[in-house]
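This report concerns only the one structure given below.
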Amino acid sequence: MEITARALWTLVHGMGFGALYLLACSGALVELYRFTSSSPSPESSAGQQRFLKIYLLSMVVLAWAAVLTGAYVVYPWYRAVPPSGTKDLAMFPQRLLMAGPTTIGWHSLGMEWKEHVAWFVPISITMVAFVFIKYGRDLKNHRQLRIAVLGFAAASFVCAGIAGFCGAMINKYAPVQGGHTIQLSHGEEK
Amino acid sequence: MNMSKSNASPNSPVLTNGSGSAAILAAGIGSFVLAVFACASDKSVAVRNTFVFYKPTGALSGVTTTAIVVWLLAWGILEGRWRNKTVAAGRIVAVAFALLGLSLLLTFPPVVDLF
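So the sequences go chain by chain: A and B.
Taking the working numbering, I'd label the letters of the first sequence as residues 1 to 190.
Taking the working numbering, I'd label the letters of the second sequence as residues 1001 to 1115.
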């Protein structure tokens, strides 16, 4: 069993940072709503508030890690230009997608959308985390701020979902390949 | 926007809404600027070339870096002006949502193709 370095980085970007962010989103939305709209139970509120602050800060780190690895590690491999006369485009995912009438849309719509919409995620969740850390339970008394925090958190979920879906489909039709091969395990012949 | 200094009473919020409003509006501005830059670099070769800060990533590097700088600058300026004030948060939040909505539209390729 083996994996190439580029495939591993794509996995870290998408399944590591991106998917983990998406998983965290539903929990954050529920907790933000519950925390900023219900009355606190006196014995557990401080601990819960601290937990949610750490949870949101982890989401901020995941969101920035996802877009930065995507833009500066994986994307250059995706958009690499093949030398003229290259017949096998397997190592040039963007050109491979653009070469087929049934796959070109995954670049012209999927990647063109994903590469920009994904950046709304870290901007939104950074704001959400800042406002929650600053106001905490006091957000209950600021209705408009609470609506904005929940709205931007939901928007970050939608944007991360769009980026994740497009990324998964692009990698299905034109996976990023190459780099040195990492041996994960040696199979035994049966 | 209507602004006034905080006058906390036992039943009023502990913090003024200025700092939160600044962060929210800045997020809307940052998203919108990113969308406008992305749209501009898609439509103009000159703009696209200007935004190539890191060649392997292409114009995306400049579009996102510049938008992040504008976002953080806007946030810093608004925070400095509103930190200890009570502002018209309803209008600010509405503007922030409108900017976010426009940003989502402007980054959707079929909409970009209309220009």
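Where a beta carbon is used, it is the ideal one built from N, C-alpha and C, also for glycine.
Cα-Cα separation, residue i to residue j
i	j	result
V1087(B)	V1111(B)	34 Å
S84(A)	P76(A)	18 Å
L68(A)	V121(A)	12 Å
M127(A)	A1027(B)	7 Å
C159(A)	V117(A)	6 Å
F1032(B)	S1103(B)	5 Å
E112(A)	I162(A)	12 Å
A168(A)	L96(A)	16 Å
A1067(B)	S1019(B)	21 Å
V1070(B)	E1079(B)	14 Å
Y33(A)	A65(A)	26 Å
T4(A)	S38(A)	49 Å
F165(A)	V1047(B)	29 Å
L150(A)	D138(A)	15 Å
L109(A)	C1039(B)	14 Å
Y1054(B)	N141(A)	45 Å
F132(A)	T10(A)	32 Å
V81(A)	R1091(B)	47 Å
N1011(B)	R143(A)	Bear in mind that the predicted position of N1011(B) carries a pLDDT of just 49, short of 50, making it too unreliable to give a figure here.
F157(A)	N1084(B)	31 Å
E115(A)	T36(A)	33 Å
Cut-off 8 Å between Cβ atoms - residues of its own chain near residue i, not counting five sequence neighbours on either side
i	result
A1008(B)	Since pLDDT at A1008(B) reaches only 43, below the 50 mark, its modelled position is unreliable, and the value read off the structure follows with that caveat. Around A1008(B): V1014.
R6(A)	V74, W77, V176, Q177, G178, G179
T103(A)	L96, L97, Y173, A174
S1021(B)	L1078, W1082, V1087, A1089, I1092, V1093
V955(B)	There is simply no residue 955(B) to check, as chain B begins at 1001 and stops at 1115 in what is shown.
Residue i: first and last residue of the uninterrupted alpha helix (DSSP H) it sits in
i	result
Q94(A)	93-98
Q144(A)	143-173
T36(A)	19-37
Q48(A)	45-69
T1065(B)	1059-1082
P76(A)	75-78
H116(A)	112-117
K87(A)	First-last for K87(A): undefined, no H or E at that position.
Listed by chain order, chain D residues near residue i by CB distance under 9 Å
i	result
V1095(B)	Absent from the structure: chain D. Protein chains present are A and B.
Residue i: CB within 6 Å of a non-hydrogen atom of the ligand MN
i	result
W1071(B)	Of the ligands one can find in the structure shown there are none, so the ligand MN has no counterpart to examine.
Chain-ordered neighbours of residue i on chain A, where CB pairs are closer than 7 Å
i	result
A1023(B)	M127, F130, V131
G1018(B)	Under the 7 Å cutoff, chain A gives no residues; its nearest Cβ is about 10 Å from G1018(B).
Endpoints, beta strand (DSSP E) assigned at residue i
i	result
T4(A)	2-4
T181(A)	181-183
Chain-ordered neighbours of residue i on chain A, where CB pairs are closer than 8 Å
i	result
W1071(B)	I123
V1014(B)	D138, N141
C-beta atoms of residue i and residue j nearer than 7 Å
i	j	result
E31(A)	L57(A)	no
W119(A)	T1064(B)	yes
F1051(B)	S1044(B)	no
Q49(A)	G136(A)	yes
N1017(B)	L89(A)	no
6 Å Cβ shell around residue i - same chain, five flanking residues per side excluded
i	result
G196(A)	With chain A covering 1 to 190 only, the question about residue 196(A) has no answer from this structure.
A1059(B)	S1041, R1048, F1051, V1052
Spatial neighbours of residue i in its chain, beta-carbon cut-off 7 Å, leaving aside the 5 residues before and after
i	result
W106(A)	L97, M169, I170, Y173
Partner residues on chain A for residue i, Cβ-Cβ distance less than 9 Å
i	result
T1066(B)	Residues of chain A passing the Cβ test: none, with the nearest at roughly 12 Å.
L1100(B)	F120, S124, G151, F152, A155
Chain-ordered chain B contacts of residue i [CB-CB under 9 Å]
i	result
P76(A)	Y1054, K1055, P1056, T1057, G1058
Cross-chain neighbours of residue i in chain B, by beta carbon under 7 Å
i	result
S108(A)	P1109
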